[in-house]
Each structure stands twice: as C-alpha cells, then as structure tokens.
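Number of protein chains: 2
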Amino acid sequence: MEKLTDGQIETALNSVPEWSEVGGEIQRTYQFADFNESMGFVNKIAKIAEDLQHHPDVLIRYNKVTLTLTTHDAGGITEKDFDLARKIDALLVTSKN
Amino acid sequence: MEKLTDGQIETALNSVPEWSEVGGEIQRTYQFADFNESMGFVNKIAKIAEDLQHHPDVLIRYNKVTLTLTTHDAGGITEKDFDLARKIDALLVTSKN
C-alpha cells in the first residue's frame with residue numbers, strides 16, 4: 005500500500021468532502037445528540053476497523069467524535085485510509101435513513 | 005461542586021498515582037493488548053460515566069486509551085473528577101483479578 009501524493013489526496017478528498025487533511029493524516033469530526041450516541045457510533049466504526057484491520061485514532065468528547073486516519077506502515081495517507089473513511093461515512097448515511 | 009486548589013489536587017492525586025495533572029485537567033493513559041481490548045475498556049468506562057453523568061474525553065489509539073477529566077461547569081478539576089478516576093481505576097483492578 006503506497007503513500008498517496010498530494011494530488012491524489014486532493015482528488016480522493018472529493019469522495020469524502022467532510023474529511024480534511026491535517027499533517028499527513030485525514031480527519032473528520034462527527035456530532036451527535038449526546039455521549040451515548042457517540043458511543044453507539046464508535047462501536048459501529050470499531051467493528052468496521054476490526055474487519056479491515058485498519059484502526060482510526062478515535063477521540064470522544066461527549067457528543068463529538070473525531071476520527072484521525074493514517075497508514076503508519078506507509079508513513080502517510082494511503083487508499084486504505086480513504087477506503088475506511090468512505091465505509092464509515094456510508095454507515096452514517098445508512099443509519100440516518 | 006467547587007474547583008479544587010493546587011494543594012487539594014496534589015493530595016487527591018495520591019489516591020490515583022497513575023494520573024497526572026495537565027493544564028486544569030487530570031489524565032491517564034492505559035495500555036492494552038490490542039484495539040479490541042481498548043474498546044472493551046472504553047465500553048466499561050462509558051457505563052460508569054453515564055451512571056455518574058460525568059464524561060471523560062476518551063482518546064483511543066489502537067491499544068492505548070487516554071482519559072482526560074475536568075469539570076467544565078466548575079472551570080477546573082473537582083472532586084467529581086477524582087471520584088470518576090478512582091472508579092475507573094478500581095474497575096481495572098477488578099478485571100485483572
């Protein structure tokens with residue numbers, strides 16, 4: 005899995021517009037009603053992360069959850085990070101419908 | 005719930021020696037075998053936090069979980085933070101035995 009170039013990252017971010025690149029990682033903050041809803045979300049993404057064996061850094065601040073993704077083995081952002089980001093965002097769309 | 009003085013914080017930290025004071029908050033990082041164990045721990049502390057209606061900031065980095073506690077209403081560290089810290093540490097002792 006190769007580290008993406010800046011141009012590739014820019015293109016890939018179009019597929020997950022709520023995410024942004026921050027110092028070699030991609031990041032998104034989700035907002036929920038309360039801590040309990042945040043935990044529900046974190047447990048769902050934990051399952052996806054285990055399935056893919058690719059784990060985001062997860063910061064829970066009451067009703068806000070910030071996910072930060074990078075591929076440590078590649079020393080930067082790879083397609084693996086965008087794949088996980090897309091799967092997590094899709095989960096959210098599904099759960100809202 | 006009143007904000008503790010520096011002296012009171014120092015004394016209270018003796019009851020939870022693995023925690024340290026960092027800029028008006030108390031913090032501890034726990035280490036586990038893997039992401040799955042981290043999630044197990046986070047779900048246990050989530051239950052305690054809901055029971056007490058006092059929620060730590062939770063950062064999960066694969067096998068490491070960092071908890072950060074402060075009492076926003078009081079503008080600093082209160083007995084409520086140490087109460088939660090002690091309950092979480094007690095949980096860990098129990099689960100190891």
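Line by line, the protein sequences are chains L and D.
Residues 5 to 101 in our numbering are what the first sequence lists, from first letter to last.
Residues 5 to 101 in our numbering are what the second sequence lists, from first letter to last.
The C-beta atom is built at its ideal place from N, Cα and C for all residues, glycine as well.
*List the residues of chain A that F39/D touches, going by C-beta distances under 8 Å, in chain order.*
Given the protein chain composition of this structure (L and D), no chain A is represented.
_Every unbroken beta strand (DSSP E) within the segment 15-39 of chain L, with a cutoff of 3 residues, ordered by chain_ = The qualifying runs are 30-35.
*asked:* Tell me the residue span of the beta strand (DSSP E) that contains I64/L.
replied: For I64/L, the uninterrupted beta strand (DSSP E) segment begins and ends at D61 to R65.
*Apply the 10 Å Cβ neighbour rule to H76/D and answer buried if 16 or more other Cβ atoms are within range, or exposed otherwise.*
With fewer than 16 Cβ atoms within 10 Å of its Cβ, H76/D is classed as exposed.
*Check: G80/D C-beta below 8 Å from any heavy atom of the ligand SAM*: No copy of the ligand SAM occurs in the structure displayed, which carries no ligand at all.
_L95/D - DSSP class collapsed to helix/strand/coil_ = Three-state DSSP puts L95/D in a helix.
*Neighbourhood of R32/L by C-beta distance below 6 Å, restricted to the same chain and skipping five residues each side*: Close CB contacts of R32/L within its chain, under the 6 Å cut and outside five residues either way in sequence, are with E22, W23 and L71 (chain order).
*Output, in chain order, the set of chain D residues within a Cβ distance shorter than 9 Å of V26/L.*
Here the premise fails: no neighbours, minimum Cβ distance about 15 Å.
*Is Y66/D close to chain L, meaning its C-beta is less than 9 Å from at least one C-beta of that chain?*
Yes, because at least one Cβ of chain L sits closer than 9 Å to the Cβ of Y66/D.
_On the DSSP bridge list, what partners appear for K68/L?_
Answer is Q35/L and R65/L.
*Can you tell which of F45/L, A94/L and I64/L has the C-alpha that lies nearest to the C-alpha of V69/D?*
Nearest of F45/L, A94/L and I64/L to V69/D, Cα basis: I64/L.
_Simplified DSSP state of N8/L, which is helix, strand or coil_ = With the sequence shown as reference, residue 8/L is identified as Leu, and Asn is not the correct amino acid for it. In this structure, L8/L counts as coil in the three-state DSSP scheme.
*Using 10 angstroms around the beta-carbon of S19/D, count the other beta-carbons present and answer buried if the total reaches 16, otherwise exposed.*
The Cβ neighbour count for S19/D, taken over all protein chains shown within 10 Å, is under 16; the residue is labelled exposed.
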